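Peer 1:
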Amino acid sequence: SLTSRVELPALSPTMQTGTIARWEKKEGEKINEGDLIAEVETDKATVGFEMLEECYLAKILVPEGTRDVNVGAVICITVDNPDLIPAFKDVTLDSLKAAGAAPSSAASAPPPPPPPPASSAPPAAPGSSYPTHLKILLPALSPTMTMGTVQRWEKKVGEKLSEGDLLAEIETDKATIGFEVQEEGYLAKIMIQEGTRDVPLGTPLCIIVEKESDIAAFSDYVETGVAEVSTPPPAPAAVPTPAAAATPSPAPAAQAGPRKGRVFASPLAKKLAAEKGIDLAQVSGSGPDGRITRKDIESFVPPKVAPAVAAAPIPAAAPAAPAPAAAPAGTFTDIPISNIRKVIAQRLMQSKQTIPHYYLSIDVNMDQVLELRKELNEVKAQNIKLSVNDFIIKASALACLKVPEANSSWMDTVIRQNHVVDVSVAVSTASGLITPIVFNAHTKGLAAISTDVSALAAKARDGKLQPHEFQGGTFTISNLGMFGIKNFSAIINPPQACILAVGGSEKRLLPADNEKGFDVASVMSVTLSCDHRVVDGAVGAQWLAEFRKFLEKPVTMLL
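The numbering used here puts the first residue of the sequence shown at 36, with every later residue one more than the last.
Structure, rendered in structure tokens:
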């Protein structure tokens, strides 16, 4: 018989603690698959927590009304055999902790020994039948990461793992990062499938065992309370199992009541139905009192009147659909939001809503920069091709030394004036904007800056940047000149105080020095966005004046 310790799962992506609002089951009661076991108040709403397998509630360890229960904390014990229930009558959280520290002391009754071994596998490991194993949890791979997406498993179940091997690629809020194994062993079970999105930190990803002979023991291992995370992969199963639709159909009488008014469905079933575009009123529930469970959603085959929702996976059904009904399906495409895009959205919104931006624009004569760049590129001594952007980075860094207020950060209680200039350079990638950093740009020559920028941009586009290469920076440059943009205003990258938006160069007529006639010059427009809490208008203007001086007489950058 199996005993399970049920842990509080993450019922919202940002949930870290929860309040047990109400227990829906009493000790000793039978729990069917999909039954609500408790109502949990998260940071977003009160959500029903349902069980994913049949069992009996043996002991409630966290009473109703308990606040700030940590995600992953054991809240109750379930058993698959009602005969085991009496053995847990006197079990408490303290006794469980003691049992975890000294398993031999937990011999108060013959049946209780199953719980102590479970304590070696913290999140809800079902019982004592599993050999020694290590459960790998999703770690924080960036300082601001709260969840991740499992992009790809680099190892397969059964493969040997050596210390330092790449285990999986995880998409964080910043980039896609390789997750390395810290111990030797064998991969026994993968619990989160490839492509699973929004996996909360601390979620068990896989199980590693020491002995190859122990792998088979985990073939049917189930993680109670977190299986909800890995629900996206079964979505395609709705197509290959049309025969399963016959199973729920014997319960139309039970479903007839709810259909007229409120539809009863588990939270997981509602979530899956929303993802698949299924109308719950059309689904027959196989749970208690006609309640719709996860199985009902996964085995649901829509009637012919609604092929527009499921037309893509079932081409055979398409001809039966009336032409007008099929038309709306092709009018838009829903693109999933990546973790990187989510964080970009959050940070930009935070910046625009909380930072008092103002903007200063100036024109710069680029003739001497273009001439010097041409001369230096013809030298080819170091086989380097300098870009105009390299000159802009250097001029910005030197202007920051002249006007250090612009090279500052708003830290809530202090303004931090930085003594080094680390220039963040905005780079566009397939997954969104990222700002790799040219460190100590004020001390580097043009060739070193050019090498740094090329290497960082390539790594950014390949998703290979390490966190230290894009987190931080003291000043940011965003250059859209190569796209033919004349001028624009950029959004500040907090906690920095300034960002320079660079437009393209264009030929313009300027008054000649001798005041007779006009000269043709290449002119570039730049706009400095400033945080008015840190940089006053006159200070921002002073920075732009210094910046223009360096670019209009680039040889002064050598001094």
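Each residue gets a CB set at the ideal place from its N, CA and C atoms; glycine is no exception. Given the structure is predicted, the values throughout are model-derived calculations rather than measurements.
Between residue 186 and residue 229, how many whole angstroms is the CB-CB distance? I'm expecting something under 8 Å.
Peer 2: Looking up residue 186 in the sequence shown gives position 151. Looking up residue 229 in the sequence shown gives position 194. Correct: roughly 7 Å between the Cβ atoms.
Peer 1: Let me confirm a value: residue 225 is counted as buried when at least 16 other C-beta atoms fall within 10 Å, else exposed. Which label applies?
Peer 2: Within the sequence shown, numbered from 1, the residue matching residue 225 stands at position 190. The residue is buried, with at least 16 neighbouring Cβ atoms inside 10 Å.
Peer 1: Excluding five sequence neighbours on each side, which residues of the same chain lie with their C-beta closer than 6 Å to the C-beta of residue 454?
Peer 2: In the sequence shown, residue 454 corresponds to position 419, counting from 1. Around residue 454: no qualifying Cβ.
Peer 1: Going by the CB atoms, is the gap between residue 94 and residue 126 shorter than 7 Å?
Peer 2: Taking the sequence shown and counting its residues from 1, the one referred to as residue 126 is at position 91. Taking the sequence shown and counting its residues from 1, the one referred to as residue 94 is at position 59. Taking 7 Å as the Cβ cut-off, residue 126 and residue 94 qualify as a contacting pair.
Peer 1: Quick one: what's got a C-beta closer than 6 Å to residue 169's C-beta in the same chain, skipping five residues either side?
Peer 2: Mapped onto the sequence shown, residue 169 falls at position 134. Taken in chain order, the residues that qualify are 243.
Peer 1: To the nearest angstrom, how far is the alpha carbon of residue 208 from that of residue 336?
Peer 2: Translated into the one-based positions of the sequence shown, residue 208 becomes position 173. Translated into the one-based positions of the sequence shown, residue 336 becomes position 301. Looking at the two C-alpha atoms, the distance is approximately 36 Å.
Peer 1: Grouping DSSP H, G and I as helix and E and B as strand, with all else coil, what is residue 287?
Peer 2: Within the sequence shown, residue 287 is the residue found at index 252, counting from 1. At residue 287 the pLDDT is 39, less than 50, meaning the model places this residue with poor confidence; the figure from the coordinates comes in the next sentence. Helix, per DSSP.
Peer 1: When the Cβ atoms of the segment 97 to 116 are set against those of the segment 307 to 326, are three or more pairs found closer than 8 Å?
Peer 2: no
Peer 1: Helix, strand or coil, according to DSSP, for residue 123 in the structure here?
Peer 2: Here residue 123 refers to the residue found at position 88 of the sequence shown. DSSP places residue 123 in helix when its eight states are reduced to three.
Peer 1: Between the beta-carbon of residue 520 and the beta-carbon of residue 564, is there less than 7 Å?
Peer 2: Taking the first residue of the sequence shown as position 1, residue 520 is located at position 485. Taking the first residue of the sequence shown as position 1, residue 564 is located at position 529. By the CB criterion at 7 Å, residue 520 and residue 564 fall outside the cutoff.
Peer 1: Around the Cβ of residue 272, are there at least 16 other Cβ atoms within 10 angstroms (buried) or fewer (exposed)?
Peer 2: Start at 1 with the first residue of the sequence shown, and residue 272 comes out as number 237. Only weak support exists for where residue 272 lies, its pLDDT of 39 falling under 50; the value from the coordinates is given anyway. Under this definition residue 272 is an exposed residue.
Peer 1: Roughly how many angstroms separate the alpha carbons of residue 87 and residue 370, rounded to a whole number?
Peer 2: Here residue 87 is taken as the residue at index 52 of the sequence shown, counted from 1. Here residue 370 is taken as the residue at index 335 of the sequence shown, counted from 1. The straight-line gap from Cα to Cα measures roughly 30 Å.
Peer 1: When DSSP builds the beta bridges, which residues end up paired with residue 452?
Peer 2: Walking along the sequence shown from the start, residue 452 turns up at place 417. Looking at the DSSP output, residue 452 shares a beta bridge with 443.
Peer 1: Name the one or two DSSP bridge partners that residue 596 has.
Peer 2: The question about residue 596 has no answer here: the residues shown for the chain are numbered 36 through 594.
Peer 1: Alpha carbons only, please: which of 116, 172 and 80 is nearest the one belonging to residue 92?
Peer 2: For the purposes of this step, residue 92 is taken as residue 57 along the sequence shown, with counting starting at 1. Checking every option, the nearest Cα to that of residue 92 belongs to 116.
Peer 1: Indicate whether residue 669 and residue 189 have their beta-carbon atoms separated by less than 7 Å.
Peer 2: Since the first and last residues shown for the chain are 36 and 594, residue 669 lies out of range.
Peer 1: With which residues is residue 394 paired in a DSSP beta bridge?
Peer 2: The sequence position of residue 394 within the sequence shown is 359, counting from 1. For residue 394, the pairing in a beta bridge is given by DSSP as 564.
Peer 1: Kindly indicate the opening and closing residues of the beta strand (DSSP E) around residue 87.
Peer 2: As a working mapping, residue 87 is identified with position 52 in the sequence shown. Note, residue 87: premise wrong, no beta strand (DSSP E); not H, not E.
Peer 1: What residue range does the alpha helix (DSSP H) around residue 427 cover?
Peer 2: Reading the sequence shown from its first residue, position 392 is the one you call residue 427. Here the alpha helix (DSSP H) through residue 427 covers 423 to 437.
Peer 1: Measuring alpha carbon to alpha carbon, tell me which residue in 49, 533 and 192 is nearest residue 457.
Peer 2: Against the sequence shown, residue 457 aligns to sequence position 422. Considering only alpha carbons, the answer is 533.
Peer 1: What are the start and end residues of the beta strand (DSSP E) that includes residue 224?
Peer 2: Here residue 224 is taken as the residue at index 189 of the sequence shown, counted from 1. 220 to 225 is the span of the beta strand (DSSP E), which, as asked, contains residue 224.
Peer 1: Below 8 Å, can you find three or more Cβ-Cβ pairs linking the segment 433 to 451 to the segment 567 to 586?
Peer 2: yes
Peer 1: Given this structure, state the Cα-to-Cα distance separating residue 399 from residue 502, to the nearest angstrom.
Peer 2: Here residue 399 refers to the residue found at position 364 when the sequence shown is read from its first residue. Here residue 502 refers to the residue found at position 467 when the sequence shown is read from its first residue. Whole-angstrom Cα-Cα distance: 34 Å.
Peer 1: Could you check whether the segment 462 to 469 touches the segment 493 to 512, counting it as contact only if at least three pairs of C-beta atoms, one from each stretch, sit closer than 8 Å?
Peer 2: yes
Peer 1: Spatial neighbours of residue 373 within its chain, please: CB distance less than 6 Å, with the 5 preceding and 5 following residues excluded, ordered by chain position.
Peer 2: For the purposes of this step, residue 373 is taken as residue 338 along the sequence shown, with counting starting at 1. If we look at residue 373 and ignore the five residues flanking it on each side, its Cβ neighbours are 466.
Peer 1: For my contact list, residue 476 and residue 429 are in at a C-beta cut-off of 8 Å; report their separation, rounded to the angstrom.
Peer 2: On the sequence shown, position 441 is the one that residue 476 refers to. On the sequence shown, position 394 is the one that residue 429 refers to. The pair is a contact, with the Cβ atoms about 7 Å apart (cut-off 8 Å).
Peer 1: Let me make sure I understand the geometry here. Which of 422, 333, 385 and 413 has the alpha-carbon closest to that of residue 312?
Peer 2: Position 277 of the sequence shown, counted from the first residue, corresponds to residue 312. Out of 422, 333, 385 and 413, 333 has the C-alpha closest to the C-alpha of residue 312.
Peer 1: Between the alpha carbons of residue 254 and residue 380, how many angstroms are there, rounded?
Peer 2: One-based indexing of the sequence shown puts residue 254 at position 219. One-based indexing of the sequence shown puts residue 380 at position 345. Straight-line Cα distance between these residues: approximately 40 Å.
Peer 1: Can you look up residue 174 in the DSSP assignment and give me helix, strand or coil?
Peer 2: Within the sequence shown, numbered from 1, the residue matching residue 174 stands at position 139. The answer is coil: DSSP assigns residue 174 none of H, G, I, E or B.
Peer 1: Between residue 558 and residue 543, what straight-line distance do the alpha-carbon atoms span, to the nearest angstrom?
Peer 2: Your numbering for residue 558 matches position 523 in the sequence shown. Your numbering for residue 543 matches position 508 in the sequence shown. When rounded, the distance between both Cα atoms is 6 Å.
Peer 1: First and last residue of the beta strand (DSSP E) that includes residue 201?
Peer 2: As a working note, residue 201 is residue 166 in the sequence shown. Run containing residue 201: 201 to 206, per the beta strand (DSSP E) assignment.
Peer 1: Under a three-way DSSP split, which group does residue 513 fall into?
Peer 2: Taking the sequence shown and counting its residues from 1, the one referred to as residue 513 is at position 478. Strand, per DSSP.
Peer 1: Counting C-beta neighbours from all protein chains within 10 Å, is the total for residue 308 16 or more, i.e. buried, or is it exposed?
Peer 2: Mapped onto the sequence shown, residue 308 falls at position 273. Counting Cβ neighbours within 10 Å, residue 308 comes out buried, since at least 16 surround it.
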